[in-house]
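**Student:** Position 238 (the sequence shown) corresponds to 238 in our numbering; numbering is contiguous. Positions of the beta carbon are idealized from the N, C-alpha and C atoms, including for glycine. No experiment lies behind these values; they were computed from the predicted model shown.
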Amino acid sequence: MTVVAGRPAGWSTEAADAVLAPWVDAGVLGDLEVHLVSAVLRLAPDRPDAAVLLALALAARATRLGHVCLDLAAAHDQLVAAQVDAGRASGLGLPDPGAWRALLAGSSVVTDAGAGPPPDGDDPLRPLVLDGDRVYLQRFWSFEVAVAGDVCRRADGSTVVGPTDPGEPAVVRRGLTEVFGGVPLDENGAVDLQFVAAERALTRPLSVIAGGPGTGKTHTVARILAAALQIADERGASLQVALAAPTGKAAARMAEAVEEQVVALDAAGRLGPGVADRMRAITPSTIHSLLQYRTRTSFRHDRTDPLVHDLVVVDETSMVSLPLLARLLDAVRPAARVVLVGDPFQLASIEAGTVMGDLVGPFHEDGSTAAGPLAGAVTELRRGHRFDAGSATAELALAVRDGDVDAVLDRLAAGDPTVHWVRPDDGPGLAALQVLVCGAAGEVVEAALAGAGAAALEAAGRIKVLAAVRRGPLGLDEWTGRIAGTVHGLVPAALAGGRPRVGTPVLVTHNDRVNDLANGDVGVVVHGDGVRWVAMSGPGGLRLLAPARLGEWEPWWAMTIHKSQGSEFAHAVVSLPTVDSPVLTRELLYTAITRAKPEVTVVASEEILRLAVTRPVARASGLGDRLWGTPDGVPGPGVAQSRRRNA
1 MTVVAGRPAG WSTEAADAVL APWVDAGVLG DLEVHLVSAV LRLAPDRPDA AVLLALALAA
61 RATRLGHVCL DLAAAHDQLV AAQVDAGRAS GLGLPDPGAW RALLAGSSVV TDAGAGPPPD
121 GDDPLRPLVL DGDRVYLQRF WSFEVAVAGD VCRRADGSTV VGPTDPGEPA VVRRGLTEVF
181 GGVPLDENGA VDLQFVAAER ALTRPLSVIA GGPGTGKTHT VARILAAALQ IADERGASLQ
241 VALAAPTGKA AARMAEAVEE QVVALDAAGR LGPGVADRMR AITPSTIHSL LQYRTRTSFR
301 HDRTDPLVHD LVVVDETSMV SLPLLARLLD AVRPAARVVL VGDPFQLASI EAGTVMGDLV
361 GPFHEDGSTA AGPLAGAVTE LRRGHRFDAG SATAELALAV RDGDVDAVLD RLAAGDPTVH
421 WVRPDDGPGL AALQVLVCGA AGEVVEAALA GAGAAALEAA GRIKVLAAVR RGPLGLDEWT
481 GRIAGTVHGL VPAALAGGRP RVGTPVLVTH NDRVNDLANG DVGVVVHGDG VRWVAMSGPG
541 GLRLLAPARL GEWEPWWAMT IHKSQGSEFA HAVVSLPTVD SPVLTRELLY TAITRAKPEV
601 TVVASEEILR LAVTRPVARA SGLGDRLWGT PDGVPGPGVA QSRRRNA
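This is the structure:
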């Protein structure tokens, strides 16, 4: 059905259902969107046009699929991108973008951001916001404008108060020189980018450190912390530092990586008295825990009750959603420093937003950024350190990142001992892989039966199947069933009761403040002292938890690629579906391959690999334009307005 302008006679909620019915039947819209449109109809002061109601429904659908808004100029592409049956979706007509925009601008349920505030100061809250060619649900527009405004204010700030003063760059450089063991130079004789990133982090209110796996992001963060603490000591000041990540697993990995750097720095004699102990005392947490969440969308800390920290470092920023970043920045004191760290080529948050890519902005070939509020505050680390020179795994990841299908297929077929390719129709190959995976799972069960929690956890993380989808051939459910069915027989009947059963690795799927559990935490059910315990890994080491306190969980024999972010495995088995799926993207495959350290096995057909490598994620967002503007560096719409509203 083609939506046209005009108000049908006898307008009612039932009429709205009729307008949306073809979209619901095609699987584009669901109950959430229909209920939202019905609610707006009941509250609207007049009768919105059918095209306006469609925009409202599609904007709501967009946030459900990770977009921040509906892009009118690219609405068709945005519509079919998430539909496996693109033919059905393509048969649904959309209004002309220009006419659609005009209808929205004149609607009583739409705020036109480009029109400026009303002359009488009356600014009613409306469900939709029209900002250029983008249509937002009001709350997501507010989040985007708030983030842009906060970033601009911090980037422009020159009055940060703390133990490292931007007015004294010589002090910062001297402190960093001590912990780096000199000023490191790259192969061209220029100052190494890790040193540059650390210097920017300690002389700017907000900085961004971007880079792929193994490029030294944690190496740099550890030296930022060490230098900041030592400078504070010299001044007799107290420095409050927070380290945070989006998930419990990412926070635990951050703690492990920082500890490795502390040991190395301490052994090299680059830390002052007591600095190593203070660095170890900074325990990374989830962002939700840092802000002290009350409900999923409510936190204790905000601008009225801000965080006490002087320096806030966030790892795995690519996984942070736009709403969560807005709430985090709102809770950080204006005088504090913020360092955002992540890989812009990884998967974005499963919720709305592409914040890391938007913050990093466009890079030039020489590594510099375009003009914008964050120009000079973003550093992209390029030189890899995780893999050996010429690593086939690293080369495969780079080929995927660059969208080079031929190079990807060549790397997979080269026969390197660390890179393997198993096709779905290769029966013997799949059988051998299953034996390998189930053999590792058997080691988990044996350690669990012996009560060896640390050994069980180590075995559980040694090789991991990372599935692109949950259901269907080669999906998470199929792999979990295969592995569990093979190893459950290893548990004696006397210990087989209870849930989860002994030997099962578990993945926490919900934040639980009472039991100090975060989404993404992992453990193994072990048998010790005649009872079952869940051995959990965490920043403080091994922790034993009663199974009844585990809360919401799922078996961790395998996991989705989305949930693997922030993790590393000695051998990652990347399992792609046998048929096309909207989740198959370049970023998904890149994220999965970069979990390997260093061995990877890719289970996929050539056709599916080509689809994934040539399909980059395309999420609608206006944050990048607000921060970086046009190619000429002109700030995008909304930045000036965000400053006024949040002054």
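What is the rounded straight-line gap between the Cα of L290 and the Cα of G353?
**Tutor:** The residue labelled residue 290 in the question sits at position 290 within the sequence shown. The residue labelled residue 353 in the question sits at position 353 within the sequence shown. Distance between the alpha carbons of L290 and G353 is about 21 Å.
**Student:** Could you name the residues that DSSP lists as bridge partners for T509?
**Tutor:** Residue mapping note: residue 509 aligns to position 509 of the sequence shown, counting from 1. Partner(s): none; T509 has no beta bridge.
**Student:** Could you tell me whether any Cβ in chain D is nearer than 8 Å to the Cβ of L623?
**Tutor:** Absence of chain D from the displayed structure is noted, only one protein chain being present.
**Student:** Could you tell me which of R253, A394, G106, F195 sits nearest to G566, measuring between CA atoms?
**Tutor:** Indexing the sequence shown from 1 puts residue 566 at position 566. Among R253, A394, G106, F195, the Cα nearest to that of G566 is on R253.
**Student:** Hey, is the stretch 556-564 in contact with the stretch 424-431, meaning 3+ C-beta pairs nearer than 8 Å?
**Tutor:** Short answer: they don't touch.
**Student:** Straight-line CA distance for P273 to R139?
**Tutor:** Along the sequence shown, read from residue 1 onward, the residue named residue 273 stands at position 273. Along the sequence shown, read from residue 1 onward, the residue named residue 139 stands at position 139. Using only the alpha carbons, I get a separation of about 48 Å.
**Student:** Near F143, what residues of its chain come up, given a Cβ to Cβ distance below 7 Å and the 5 sequence neighbours on each side ignored?
**Tutor:** Taking the first residue of the sequence shown as 1, we reach residue 143 at position 143. Here the set comprises L322, P323, A326.
**Student:** Just curious, the alpha helix (DSSP H) that W479 is in, first and last residue?
**Tutor:** Along the sequence shown, one-based indexing puts residue 479 at 479. It spans 476-487 - the alpha helix (DSSP H) in which W479 sits, taken as one unbroken run.
**Student:** By Cβ distance below 6 Å, which residues in the same chain neighbour S158 in space, the five residues on each side in sequence not counted?
**Tutor:** Residue numbering aside, residue 158 sits at position 158 when the sequence shown is read from its first letter. The predicted position of S158 is uncertain, since its pLDDT is 49 and thus under 50; no value can be drawn from it.
**Student:** Starting from the C-beta of A459, find all residues in its chain whose C-beta is less than 7 Å away, skip the five residues before and the five after it, and write them out in chain order.
**Tutor:** In the sequence shown, counting from the first residue as 1, residue 459 sits at position 459. The answer, listed in chain order, is A440, E443, V444, A447.
**Student:** Looking only at C-alpha atoms, which of A264, V579, S298, A228 sits nearest to D310?
**Tutor:** If you number the sequence shown from 1, residue 310 lands on position 310. Ranking A264, V579, S298, A228 by Cα distance to D310 puts A228 first.
**Student:** For R42 and V355, what's the separation of their Cα atoms in angstroms?
**Tutor:** By 1-based counting over the sequence shown, the position of residue 42 is 42. By 1-based counting over the sequence shown, the position of residue 355 is 355. When rounded, the distance between both Cα atoms is 35 Å.
**Student:** Touching or not, the stretch 215-224 and the stretch 400-414, by the rule of three or more beta carbon pairs under 8 Å?
**Tutor:** Verdict: no, contact absent.
**Student:** I need the straight-line Cα distance from T304 to A331, nearest angstrom please.
**Tutor:** In the sequence shown, the residue the question calls residue 304 occupies position 304. In the sequence shown, the residue the question calls residue 331 occupies position 331. If you take the alpha carbons of T304 and A331, they lie about 8 Å apart.
**Student:** If we count Cβ pairs, one from each stretch, closer than 8 Å, do we get three or more for the stretch 194-211 versus the stretch 334-349?
**Tutor:** The answer is yes - the stretch 334-349 touches the stretch 194-211, with three or more Cβ pairs under 8 Å.
**Student:** Please report the residue range of the alpha helix (DSSP H) in which R401 lies.
**Tutor:** As a first step, residue 401 must be located in the sequence shown, where it is residue number 401. 392-401 is the span of the alpha helix (DSSP H), which, as asked, contains R401.
**Student:** Have a look at D46 and V135 and give me their C-alpha separation to the nearest angstrom.
**Tutor:** Walking along the sequence shown from the start, residue 46 turns up at place 46. Walking along the sequence shown from the start, residue 135 turns up at place 135. Straight-line Cα distance between these residues: approximately 20 Å.
**Student:** Using 10 angstroms around the beta-carbon of E587, count the other beta-carbons present and answer buried if the total reaches 16, otherwise exposed.
**Tutor:** Within the sequence shown, residue 587 is the residue found at index 587, counting from 1. The residue in question, E587, is buried, as its Cβ has 16 or more Cβ neighbours within 10 Å.
**Student:** DSSP on G442, reduced to helix/strand/coil?
**Tutor:** As a first step, residue 442 is located in the sequence shown; it is residue number 442 there, counting from the start. Correct three-state label for G442: helix.
**Student:** Per the contact definition of three or more C-beta pairs closer than 8 Å, is the stretch 448-458 in contact with the stretch 503-523?
**Tutor:** Enough Cβ pairs lie closer than 8 Å, so yes.
**Student:** For D17, collect the residues of the same chain with a Cβ closer than 7 Å to its Cβ; drop the 5 residues on either side in sequence, then sort them by chain order.
**Tutor:** By 1-based counting over the sequence shown, the position of residue 17 is 17. Cβ within range, chain order: V34.
**Student:** Relative to the C-alpha of I681, which residue among S391, V308, S581, G269 is closest?
**Tutor:** Nothing in the structure corresponds to residue 681, since the chain is present only between 1 and 647.
**Student:** Taking three-plus beta-carbon pairs below 8 Å as touching, is the stretch 97-107 in contact with the stretch 50-70?
**Tutor:** Counting Cβ pairs under 8 Å, three or more are found: they touch.
**Student:** Straight-line CA distance for A546 to G528?
**Tutor:** As a first step, residue 546 must be located in the sequence shown, where it is residue number 546. As a first step, residue 528 must be located in the sequence shown, where it is residue number 528. Using only the alpha carbons, I get a separation of about 12 Å.
**Student:** Exposed or buried, which one is S108 when buried takes at least 16 other CB atoms within 10 Å?
**Tutor:** In the sequence shown, counting from the first residue as 1, residue 108 sits at position 108. So S108 counts as exposed.
**Student:** Return the chain-ordered list of same chain residues with a C-beta closer than 8 Å to the C-beta of L265, the five sequence neighbours on each side being excluded.
**Tutor:** Here residue 265 is taken as the residue at index 265 of the sequence shown, counted from 1. Here the set comprises V179, A222, R223, A226, L271, A276.
**Student:** Since L137 is in the beta strand (DSSP E), which residue starts that stretch and which ends it?
**Tutor:** Locating residue 137 in the sequence shown gives position 137, counting from the first residue. L137 -> beta strand (DSSP E) spans 134-137.
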